[in-house]
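> Here's a structure for you.
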Amino acid sequence: MIQKPIELILMRQLASYLATPIMIADHERTLLYFNPTAEAILGRRFAETQEMRLEEWMQALPLYDEMGQFIPPEERPLPTVLRERRPVHRRLRLRGSAGDLRLIEATVLPLEGQGGRHLGGVIIFWELDQP
Amino acid sequence: MSGPAIELILMRQLASHLVMPIFVVDPEGNLLFYNEPAERLLGRRFDEAGPMPLAEWSTGFTQRDEAGATVRAEDLPLAVALREHRPAHRTLWITGDDGVARHLGITALPLEGAGGRHLGAVAFFWSLDERP
Chain P
1 MIQKPIELIL MRQLASYLAT PIMIADHERT LLYFNPTAEA ILGRRFAETQ
51 EMRLEEWMQA LPLYDEMGQF IPPEERPLPT VLRERRPVHR RLRLRGSAGD
101 LRLIEATVLP LEGQGGRHLG GVIIFWELDQ P
Chain X
1001 MSGPAIELIL MRQLASHLVM PIFVVDPEGN LLFYNEPAER LLGRRFDEAG
1051 PMPLAEWSTG FTQRDEAGAT VRAEDLPLAV ALREHRPAHR TLWITGDDGV
1101 ARHLGITALP LEGAGGRHLG AVAFFWSLDE RP
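Protein chains in written order, with our numbering: chain P, 1 to 131; chain X, 1001 to 1132.
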């Protein structure tokens, strides 16, 4: 079994302690983790989903722009960050477990280690009050 | 004697491994740590500066919004995250000791642990572009 880079291990440990919703993916497009606070917004438990390919995740959780227009998978923030290695910030809508479209704000950061090692990306997101 | 919270230890360890500028402050806004990439924004090394009170580090640079208006310190994402215990984001022009105005994206999030323990906040910075 291949050991994950220390940055991903630390990020996951930290996320597990924090009250801010956080998701982590590696550079090979595998969703590695989302924390308990994220579970509440996503309507899914990590213990049930476990690691999964990003393509599978994006199919299971479609995203929409602020106006409610569907965002094609490769135009979503995380694939953009993994591809272009630059942070992205935008407002999005996702469908909650009750079927409602919830407005969130998300910052997605590339995880780059010393020596230019591209390790993946982290999504920090939060729900906005506006309908 | 209790040491630093595990969240702060992990945050500092993580920041020291990443190439993105990262600032960590305590619940009062005192600067606890910034990583090497952040040193280039502040114009001084953390090893030399050490932890700094809010009043000291916040005067080390000026910040303006996209229209050129001065942004009050209390409206910076870090301050919002600390005060309101929620993440905050905005873009800014920040001028440091070297006189260079840097166009930055900044996202700050509160460091809140289990049981609602408020431990401080962390800010992630990234360059949008630069002008002299």
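Just so it is clear, CB atoms sit at the ideal spot from N, CA and C, and this is done for glycine as well. Computed from a predicted structure; not experimentally measured.
For leucine 14/P, return the contacting residues in chain X, with the cut-off set at a CB-CB distance below 8 Å.
In chain order: Glu1007, Leu1010, Met1011, Leu1014.
> According to DSSP, is glycine 120/P part of a helix, a strand, or is it coil?
Glycine 120/P: strand per DSSP, three-state reduction.
> According to the Cβ coordinates, are arginine 1064/X and phenylalanine 1033/X closer than 8 Å?
Taking 8 Å as the Cβ cut-off, arginine 1064/X and phenylalanine 1033/X do not qualify as a contacting pair.
> On the CB-based measure, 16 or more other CB atoms within 10 Å of its CB, does histidine 118/P come out buried or exposed?
Histidine 118/P comes out exposed.
> Which of the three DSSP states, helix, strand or coil, is assigned to proline 36/P?
In this structure, proline 36/P counts as helix in the three-state DSSP scheme.
> Under 8 Å between beta-carbons, which chain X residues line up against glycine 113/P? List them in chain order, please.
Going along chain X in sequence order, the residues near glycine 113/P (Cβ under 8 Å) are His1017, Leu1018, Val1019.
> For alanine 1114/X, which of helix, strand or coil comes out of DSSP?
Helix at alanine 1114/X.
> Excluding sequence positions up to five away, which residues of its chain have a Cβ less than 6 Å from the Cβ of glutamate 1133/X?
The question about residue 1133/X has no answer here: the residues shown for chain X are numbered 1001 through 1132.
> Compile a chain-ordered list of the residues in the segment 1113 to 1127 of chain X whose CB is closer than 8 Å to at least one CB of chain P.
Listed by position, the residues of the segment 1113 to 1127 of chain X near chain P (Cβ gap below 8 Å) are Gly1113, Ala1114, Gly1116, Phe1124, Trp1126.
> May I ask you to report which of helix, strand or coil DSSP gives alanine 110/P?
One detail in the question is off: residue 110/P reads as proline in this sequence, not alanine. DSSP places proline 110/P in strand when its eight states are reduced to three.
> Can you list, in chain order, the residues of the segment 7 to 39 of chain P whose Cβ is nearer than 8 Å to any Cβ on chain X?
Flagged, chain order: Glu7, Leu10, Met11, Gln13, Leu14, Tyr17, Leu18, Ala19, Thr20.
> My understanding is that alanine 1123/X touches alanine 1108/X, with C-beta atoms under 8 Å, so please give their C-beta distance in whole angstroms.
Their Cβ separation, rounded to whole angstroms, is 4 Å, which keeps alanine 1123/X and alanine 1108/X in contact under 8 Å.
> Considering arginine 1072/X, what are the terminal residues of the beta strand (DSSP E) in which it resides?
Looking at the DSSP string, arginine 1072/X is not in any beta strand (DSSP E), and its letter there is neither H nor E.
> Cα separation between glutamate 7/P and methionine 1052/X?
If I take the Cα positions, the gap works out to 26 Å.
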